[in-house]
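There are 2 protein chains.
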Amino acid sequence: MLPVLGQQFIAGARSGLGETRHQSVDAASGEALPYAFHQATLEEVEQAALAAKSAFGPFRQLSPARRAEFLEAIAEELEALDQEFVAIVSRETALPPARIQGERLRTSNQMRLFAQVLRRGDFLGARIDLALPDRQPLPRVDLRQYRIGVGPVAVFGASNFPLAFSTAGGDTASALAAGCPVVVKAHSGHMATADLVGCAIERAATRTSMPAGVFNMIFGQGVGAALVAHPAIQAVGFTGSLHGGQALCKIAAEREQPIPVFAEMSSINPVILLPGALAARGATIAGELAGSVVLGAGQFCTNPGLVIGIRGAAFTAFTEQLKGHLSAQAPQTLLNAGGLLSYQNGISALAECAGITHLAGQPQQGTKAQAQLFKADVNLLLEGHPLLQEEVFGPTTVLIEVADDAELKRALQALRGQLTATLIGEPGDLRQYHWLVPLLEEKVGRILVNGYPTGVEVCDAMIHGGPYPATSDARGTSVGSMAIDRFLRPLCYQNYPDSLLPAALQNVNPLGVTRLVNGAWSSESIVP
Amino acid sequence: MLPVLGQQFIAGARSGLGETRHQSVDAASGEALPYAFHQATLEEVEQAALAAKSAFGPFRQLSPARRAEFLEAIAEELEALDQEFVAIVSRETALPPARIQGERLRTSNQMRLFAQVLRRGDFLGARIDLALPDRQPLPRVDLRQYRIGVGPVAVFGASNFPLAFSTAGGDTASALAAGCPVVVKAHSGHMATADLVGCAIERAATRTSMPAGVFNMIFGQGVGAALVAHPAIQAVGFTGSLHGGQALCKIAAEREQPIPVFAEMSSINPVILLPGALAARGATIAGELAGSVVLGAGQFCTNPGLVIGIRGAAFTAFTEQLKGHLSAQAPQTLLNAGGLLSYQNGISALAECAGITHLAGQPQQGTKAQAQLFKADVNLLLEGHPLLQEEVFGPTTVLIEVADDAELKRALQALRGQLTATLIGEPGDLRQYHWLVPLLEEKVGRILVNGYPTGVEVCDAMIHGGPYPATSDARGTSVGSMAIDRFLRPLCYQNYPDSLLPAALQNVNPLGVTRLVNGAWSSESIVP
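Listed in order, the protein sequences are those of chains A and B.
In terms of this note's numbering, the first sequence opens at residue 28 and continues consecutively.
In terms of this note's numbering, the second sequence opens at residue 28 and continues consecutively.
The following block contains the structure:
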């Protein structure tokens, strides 16, 4: 059996001072797994934060190439984890082994993507304005700017991606790429997974000679609040509920030194079915949409939770087809018992709300989640009813029928900020409804055409973010290489001796990066 | 006499619903000027915020070149303001006409710099990952990302730069460049100036056919809080006191939808005198430093408020020379009576503090500020005494003598976040004390060598920002072209028809911008 120590990761060592233990649980059966985890004490939280602070100086001053080696070593260590690891993740989350393996590849590729970003060097944002000693009325001094990490980052693992959004997930990868040590708060739903991934990161840190404290992780309930409040922590990455994200934002704002929080929280990801598409291929869309709704038991941030169409025969026929698909779905085990309870409460609230009709889905009972379909009166949306604004995490969606284009516009205006909005349309639809796009642009982080929002490519152009409450800060993304920007800040050197400047800013451009020199982009050396 | 209407600017019109009036005051004499300003009512605050919201859609969708024309027109209108305008600014602020004219040029050049940024197009951050339909195990969809404005921005004018950090200052210029309409809260210290500059912006908006509501401005006490709390406002730019900035951050964090605040607040800008430089040119440094301390009556965010040197004969001699320079300074009129009161309170607190010695300066009396020099025991700094952490706004500075390098290091570690740190050193000093730099990098936004922090060049590489409490968010700058980044957020299009994409992302690259295409920077067209 793989060794799972169940202790905090602090400065390259393990610590288990807390007497309270938390047991890992089999998500499908509810039975205890043979893995117990010490609750981190406040002293250990402090040690972890201080370890990250100590590592910050040496780690951020490593060359980008050295940090890239570390990320690539993490990728290799993740890929070297064996079938027993996959089995443990699967038991803790009820996710099937094939999904775990796919997610692991996504996670290691994500590390490699950030290694590429580091080698490319544009994340440094190097800008140089050379001295103009003869300028009138005043000379210009030599000014050079690049970006450094903000400091230690607290990372909160997500329940629904035990690998890609957790211990070695996108927040960790982007923080480490930026030169920021991390303190991960392991998610209580997959602690053994976190422990084994933490060990993989430690092996990578050791073999690439990273400073102790570049990676730290704590276990336990309520320790996240103490972590975010600790003065050494300089930024927070979080994926989870609206309630949880708001609580962390409040703690961060009330610190003596407030810090930025990048919380990815709540999105219902509207899908807009345009008339031409419904008429031409309504049956196909119903099948595809049902697949997106129930994918991964609906436990995705980008799960389509609201489907909007214009009244008419085509939408009625589509509704019947979608009912058929969702009625026929087999029940699925959710990530944990808490998730099942939330799902039950969420669909009960929908079912009991005046103006919302249950259209399809087996009665919710037992230990698995049944897919459910509802239809809501558009007036609930127009009036801002909270049930139509907050996600129900699981395999369900809500249909909204609007009378006409004007009501469609008002319905979309009534939505809060979202991660995504999707347009399903024929080419003619997209031209005819192009007026919708500016409205959606102000509501969401990603606009999709003829696809489904589940499935988030990890690449340079991806944005997994959006206006509040989809996230706490629309200027960030938690997926894709631009995630590194969240953890960088600019620093300027004035009249600084060339030989003492950071490599990115020296005249000879030893890193070979592209720089904005006197207002023009160049990767050349500067001849002073 | 120039017409000064004294009413709010809302959606291209003027409004004076409030019965309370505020009188503009001559800064030197305290006498009332013939300009009265209606206090904005809450209804007018709402109207201004909603006007900005209405303008956001059309304004952000203008081409960057169209917004550049607007900024250039503002620059021209500012430059066309005549000597009577300069005289009014001078009367409201007690700043000499030559300074006003210099600051006006800086302000119009700042508009032109952002126009260049718009024409260059890199602020758009265009990134394209083309579809890979044959990729295994899953195809990649077409993903394209660029940045749009976050929405209406509330701008708070600063007392000390009636032009460059006020109505048409850096926050306004960068917000407008980003496509964000603004609502300016005019500073109560130069309301006639604000009115006349507001009219200049309106003329520029009219002749470049900008949407009504692209620029709005309100007058009055306490109206800023209502403005920041208004749901239409999506970000805040502020330059002022720690207390004022913290209050706005609190309001912004407690909104139903929290928004980012970029507050530039409090910095004492340490200057570190290295031994070789003191030995070689201590007398010169004393003269230069005194000039920086009293420049503009010390009313700069980057005023050097703390000077640190290592004990020894050279530092003692330097201290005597600095005493001489500061004793010989003529008193100066401050920007307003409130500033004088704050200055008197600040220097009294320093004078009365055990461990702080008054070294030079005439007794503070009358209506002008006397330059003052203090020396503080390093232990006060090491213990985190608040008097050595918060700026005294005016022509004063505090000397700190450290015993040796180790104490120098501890003293710098005890500092909070700063806009700037300055090293005065000979080439040998800079090599010998290079170990200081990583420490300073984590404390400040700009490191200067052999210069003085007053004088902030407006260019691409400048950073006027820094860790808390210098600013509320170290990731921003309020001076230089990177200020635009504060007001932009990314937006991603997935599988979107080329002809309907924003110009920046279309295959033919009609804007000719440099884009990150499949991981490589290119300004070429894409051949699909």
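Where a beta carbon is used, it is the ideal one built from N, C-alpha and C, also for glycine.
If we ignore side chains and look at the alpha-carbon of each, how far apart do Q88/A and G206/A end up?
-> 8 angstroms
Give the secondary structure of Q110/B by DSSP, where H, G and I count as helix, E and B as strand, and everything else as coil.
-> The answer is helix: DSSP assigns Q110/B an H, G or I state.
Closer than 9 angstroms, CB to CB, is T504/B near chain A or not?
-> yes
Just the Cα atoms here: how many angstroms apart are L426/A and K395/A?
-> 23 angstroms
Who are the Cβ neighbours of H352/A in its own chain at under 7 angstroms, not counting the five residues just before and after it?
-> Within the same chain, H352/A has close Cβ partners A313, G314, A317.
Between the Cα of A121/A and the Cα atoms of L32/A, A324/A, A290/A, which residue gives the shortest distance?
-> A324/A
Quick one: measure Cβ to Cβ for A262/A and V180/A, integer angstroms, because I've assumed they're closer than 8 angstroms.
-> 5 angstroms
Per DSSP, what kind of secondary structure is F289/A in: helix, strand or coil?
-> It is a strand residue.
Contact check, G264/A vs S505/A under 8 angstroms by CB: the rounded distance?
-> 7 angstroms
Could you check the C-alpha separation between Q128/A and T134/A for me, to the nearest Å?
-> 10 angstroms
Please report the residue range of the alpha helix (DSSP H) in which Q459/A lies.
-> Segment 454-459, the alpha helix (DSSP H) holding Q459/A.
Contacting positions in the stretch 520-550 of chain B - beta carbon closer than 7 angstroms to chain A | Y520, Q521, N522, Y523, P524, L527, T541, L543, G546, W548
Using the C-alpha atoms, what's the distance from A185/A back to G267/A?
-> About 6 angstroms.
What residue ranges within the stretch 131-163 of chain A form continuous alpha helix (DSSP H) runs of no fewer than 4 residues, ordered along the chain?
-> none
Would A38/B pass as a contact of A239/B if the rule is Cβ separation under 9 angstroms?
-> yes
Might you give, ordered along the chain, the residues of its own chain that have their beta carbon closer than 7 angstroms to the beta carbon of F246/A, omitting 5 neighbours on each side?
-> Q35, H49, F64, H65, Q66, A67, A213, M218
Span separating the alpha-carbon of G292/B from that of A279/B = Sequence inspection shows Met at residue 292/B; the Gly mentioned does not correspond to that position. If you take the alpha carbons of M292/B and A279/B, they lie about 16 angstroms apart.
What residue does the alpha helix (DSSP H) around V320/B start on, and which one ends it?
-> 302-321
Please list, in chain order, all residues of the same chain as L435/B whose beta carbon is under 6 angstroms from its beta carbon, the five residues on each side excluded.
-> V429
Rounded straight-line distance, which links the Cα of T447/B to that of V471/B = 5 angstroms
Close beta carbons around D53/A, own chain, < 7 angstroms, minus the five adjacent residues each side | L60, R118
As assigned by DSSP and simplified to three states, the class of H270/A = helix
Contact list for the stretch 509-520 of chain B against chain A, Cβ threshold 8 angstroms | M509, L515, R516, P517, L518, C519, Y520
Given a cut-off of 9 angstroms, decide if L407/A and G382/A are closer than it, judged by their beta-carbon atoms.
-> yes
Is there contact here, the stretch 353-369 of chain A with the stretch 279-290 of chain A, by at least three beta-carbon pairs under 8 angstroms?
-> no
Quick one: using the 10 Å Cβ neighbour count with 16 as the cut-off for buried, is R443/A buried or exposed?
-> buried
Starting from the Cα of V241/A, find the closest Cα among D456/A, P85/A, R458/A and give me that residue.
-> Distance from the Cα of V241/A is smallest, within the candidate group D456/A, P85/A, R458/A, for P85/A.
Excluding sequence positions up to five away, which residues of its chain have a Cβ less than 7 angstroms from the Cβ of A306/B?
-> A341
Would you identify the three-state DSSP class for V476/A, choosing helix, strand or coil?
-> strand
Neighbour list for D500/B in chain A, Cβ cutoff strictly below 8 angstroms = P287
Would you say S375/A and Q391/A are within 9 angstroms of each other, going by their C-beta atoms?
-> yes
Got a sec: is the Cβ-Cβ distance from F141/A to anything in chain B below 9 angstroms?
-> no
Where do the N-terminal and C-terminal ends of the alpha helix (DSSP H) with Q248/A fall, by residue?
-> First-last for Q248/A: undefined, no H or E at that position.
Closer than 9 angstroms at the beta carbon, the chain B residues around I474/A = L518, C519, Y520, Q521, Y523
Taking the CB atoms as reference points, tell me whether P297/A and I337/A lie closer together than 9 angstroms.
-> no
Enumerate, from N- to C-terminal direction, the unbroken alpha helix (DSSP H) stretches of 4 or more residues contained entirely within the stretch 174-224 of chain B.
-> 197-204
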